[in-house]
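Residue numbers for the sequence shown, in the working numbering: 1314 to 1832.
The C-beta atom is built at its ideal place from N, Cα and C for all residues, glycine as well.
In this text the structure is predicted, and so the values were computed from the model without any measurement.
Structure, as C-alpha cells:
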Amino acid sequence: MRGYRFWGAPSRLEGYGLWTKCCIAGKIAVVHRLWARYVAGDPALHPLVAWPWPSVPWAAVLRSRAAFPTPRGALVEALRRQNERFLAQDPALQAAIAALQEPTTFTVTTGQQLGWLTGPLYTLVKAAHTLQLARELTRILGPPYRVVPVFWLASEDHDAEEVRTTEVGWGRLLRYEGTFTGPVGRHRIQAAFPPEAAPLALQRYWEVGQPWEMAFRAAMQALFAGTGLVWCSGDDPTLKALASPLWIAEIQHKRTYEAHAVAVSALRVLGERPCLHAQPVNLFWLSDAERRYPTPAEGPDLLTAAHLHPERLSPNVLLRPIYQEWLLPNLAYVAGPAEVAYWLELRWVFEAFGVPMPVVYPRGHLRVLPATPPDLPEGLSWEGVWQLSQNRLRTLLAELWGQAEWQALLDWAERHRPPVEELSNSPFLHSAQRSLMRFWAGWTQQLRRAALRAAQVRYRSSLEAVLHYRAAVEPEGRLQERSLNVHAFAPENPTQWVRRLLEEVTFQPGQWTLWQTTR
C-alpha cells in the first residue's frame, strides 16, 4: 500500500458516514489493515467477496449480472427525471441514460456524501476513476456491451457535520451554519454561508432555497459535463417503489442481521474484526425532518409502509449496497479504504437477498504537485518521500547527499582501524577483546553522526527546499485528498482543472498517482 499512512482530518470521511462508526480509535487500524490486505490480493480475503481481487474474471461477472433482472424502464425514467435540467445541454449524459434501456449495457458505480462545494478531493478522484474504469471495461468486454459510469448520491445520509465544512487551503476551513434536520439531500439551503465563500467558483450552485442534493448534483455536473457520468439518487419514489420487496424481506425475515453474523464470524477467523453493527431491522424512517431507526413497537407500521409507502423508508449502511445493486445492472463498485472494509462484510447479505455482489474495486489515490518539485538525491523518489516522517526524511536526505563524504570517512576509518584481533591474541589483552570492539564500534558511530551533521550543514539549502515543498503540498499527518477541496487547487476555474485531471491522470487501483499541474 504505497504511501498510505495518514487519514487526515477526522471530519473528512469517506463512505456514506461510515467513518463516524468505523474509523475511530482502534478501528482506524482495522480499515488500514483490511485495505492493505485487499489491495495486495490476500487470498485469505477472497471468501469474503464474490469476485477475487485482483484477478477478476470480468466475463463471468457480466454473465452473473446479466442473469439477474434489472428494472431498466423504471430506472431510466427515474434517471431522466433526476437529471432533467442537464439533458438538453449534455448529449453524452442523454446517451448514457438511454443506453441503460439495452440489456447489453451495464454500469460501474461509486458514490459519496454530498459535501459542500463537492467536498474533499477524493470525491472527484472516485468520479474520475469510475469514468476510466467504465471505458476500460467497455473495451475489455467489447461489442455489443457498453459500461456506463454512475455516481450514487448519498442524499439520505444524515451526517450534517460531514457535509457542512470545506477546506479551501491548508488552515482555511469554511463552515456552513445552516440548520439540518432530516436527510442532508432534502435540506433547503439557507443564507448561512461565510463571506469567504462568495467568490468561489462552485458556490453559485448553492442557491438559497433549493435542496442541498440539487446543489451538489449541479456542481458535479458542471465539473464532469460531457463525460457521460450519470448522477443517481436513491431518495426517489420511483426507485423506492422498486425496492419494496427488499424492505418487506428485511422486516419479515431479518435477513441482514442473520447474514451479517456469518460475515462477522468469517472475519474473526481471519483475525479481523467488523466495522459495522447490524440492527434487527436495517431500515430508517425517512422524512424531511428525521432519519431514525424504528422502535420495536413500530414493526406493524414499518411493514405497512414497506407495502404502501416504501419511499418513507431508507436503508442503512448494510442494506444500502443491496438497494443500489437491486436497481443498477452493476459490475463493480469503486470503493475507498473504509468502503472496502465494510464491503468485506456484505457477501452473505447479498446472498441472503439473492442479489449479485459486484466486484469491489479499490480506487486510486491522488497527490497534486502544484509547482515543480526540487531535486532529490539519487536513490529517493517523490513517491517515497511521503512514506517517511519529517525527521526520517531529513536524516535520509543528509545521508544520501552526504554519501560520498561518509564513504570517504569510512575508508579513512578502515585504514586507521586498530588491530583489535592482534591485540586480543595477547595474553594480557585477551579478556579485553569485547571492550576494545565496543570502543571501536562506538567511535565509528560518533564518526557517522559527525558526518551526518556535516552533511546537514553543507546541504542545508537543498534539505530545506525539499522539506518546505513537502510541507506545502501536505503537512505531516494530513492528506490532500481527504482534506482539501478542489478550490484549493483551482479557485477560479475548477472545471478546467478537472478536465486536465481527466486528460492527464491515469489512476491505478489502490495506488498513488503524483500529478504535477505546472507545465
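Contact check, residue i vs residue j, beta carbons under 8 Å
| i | j | result |
| --- | --- | --- |
| residue 1498 | residue 1526 | yes |
| residue 1760 | residue 1707 | no |
| residue 1500 | residue 1506 | no |
| residue 1547 | residue 1480 | no |
| residue 1624 | residue 1596 | no |
| residue 1364 | residue 1374 | yes |
| residue 1531 | residue 1502 | no |
| residue 1795 | residue 1698 | no |
| residue 1642 | residue 1393 | no |
| residue 1440 | residue 1423 | yes |
| residue 1804 | residue 1515 | no |
| residue 1403 | residue 1574 | no |
| residue 1371 | residue 1454 | yes |
| residue 1478 | residue 1519 | no |
| residue 1690 | residue 1713 | yes |
| residue 1521 | residue 1510 | no |
| residue 1609 | residue 1615 | no |
| residue 1551 | residue 1390 | yes |
Under the three-state DSSP convention, the category residue i falls into
| i | result |
| --- | --- |
| residue 1335 | Residue placement at residue 1335 is poorly supported in this model, since its pLDDT is 47, which falls under 50; the coordinates are not used for a value here. |
| residue 1704 | helix |
| residue 1524 | strand |
| residue 1435 | helix |
| residue 1399 | helix |
| residue 1596 | strand |
| residue 1485 | coil |
| residue 1465 | strand |
| residue 1819 | coil |
| residue 1586 | coil |
| residue 1506 | coil |
| residue 1543 | strand |
| residue 1659 | coil |
| residue 1517 | helix |
| residue 1813 | helix |
| residue 1761 | helix |
| residue 1581 | helix |
| residue 1791 | coil |
| residue 1549 | coil |
| residue 1388 | helix |
| residue 1691 | coil |
| residue 1449 | helix |
| residue 1374 | helix |
Sequence-distant residues of the same chain with beta carbon closer than 8 Å to residue i, five excluded per side
| i | result |
| --- | --- |
| residue 1656 | 1362, 1634, 1646, 1648 and 1673 |
| residue 1257 | A query on residue 1257 cannot be resolved here, the shown segment of the chain reaching from 1314 to 1832 and no further. |
| residue 1356 | 1365 |
| residue 1693 | 1709, 1710 and 1713 |
Identified DSSP bridge partners for residue i
| i | result |
| --- | --- |
| residue 1829 | 1682 |
| residue 1675 | 1648 |
| residue 1480 | 1486 and 1797 |
| residue 1842 | The chain is shown from 1314 up to 1832; residue 1842 falls before or after that span and cannot be answered. |
| residue 1424 | 1465 |
| residue 1643 | 1420 |
| residue 1628 | 1596 |
| residue 1773 | Note: residue 1773 sits in no beta bridge, so no partner. |
| residue 1501 | 1524 |
| residue 1605 | 1598 |
Contact set for residue i: own chain, Cβ-Cβ below 7 Å, skip 5 residues either direction
| i | result |
| --- | --- |
| residue 1827 | 1680, 1682, 1695 and 1696 |
| residue 1459 | 1412, 1417, 1418 and 1451 |
| residue 1579 | 1360 and 1361 |
Nearest-angstrom beta carbon gap, residue j and residue i [assumed within contact, 8 Å]
| i | j | result |
| --- | --- | --- |
| residue 1639 | residue 1559 | 6 Å |
| residue 1413 | residue 1407 | Not confirmed; about 11 Å, so no contact. |
| residue 1463 | residue 1543 | 5 Å |
| residue 1653 | residue 1444 | Going by Cβ atoms, the distance from residue 1653 to residue 1444 rounds to 20 Å, so no, they are not a contact pair. |
| residue 1427 | residue 1466 | 6 Å |
| residue 1778 | residue 1715 | Actually they are not in contact, since the Cβ atoms of residue 1778 and residue 1715 sit about 16 Å apart, beyond 8 Å. |
| residue 1593 | residue 1577 | Their Cβ separation, rounded to whole angstroms, is 15 Å, which puts residue 1593 and residue 1577 out of contact at 8 Å. |
| residue 1555 | residue 1387 | 6 Å |
| residue 1569 | residue 1632 | 6 Å |
Chain B contact for residue i (CB, 8 Å cutoff)
| i | result |
| --- | --- |
| residue 1555 | This model lacks chain B altogether; it includes just one protein chain. |
Proximal residues to residue i (C-beta, below 6 Å), its chain only, five neighbours per side dropped
| i | result |
| --- | --- |
| residue 1482 | 1801 |
| residue 1684 | 1831 |
| residue 1561 | 1619 |
| residue 1381 | 1669 |
| residue 1823 | 1352 and 1675 |
| residue 1536 | 1808 and 1811 |
| residue 1601 | 1495 and 1499 |
| residue 1338 | Note that residue 1338 has pLDDT 49, beneath the 50 cutoff, so the model's placement of it is unreliable and no number is given. |
| residue 1663 | 1670 |
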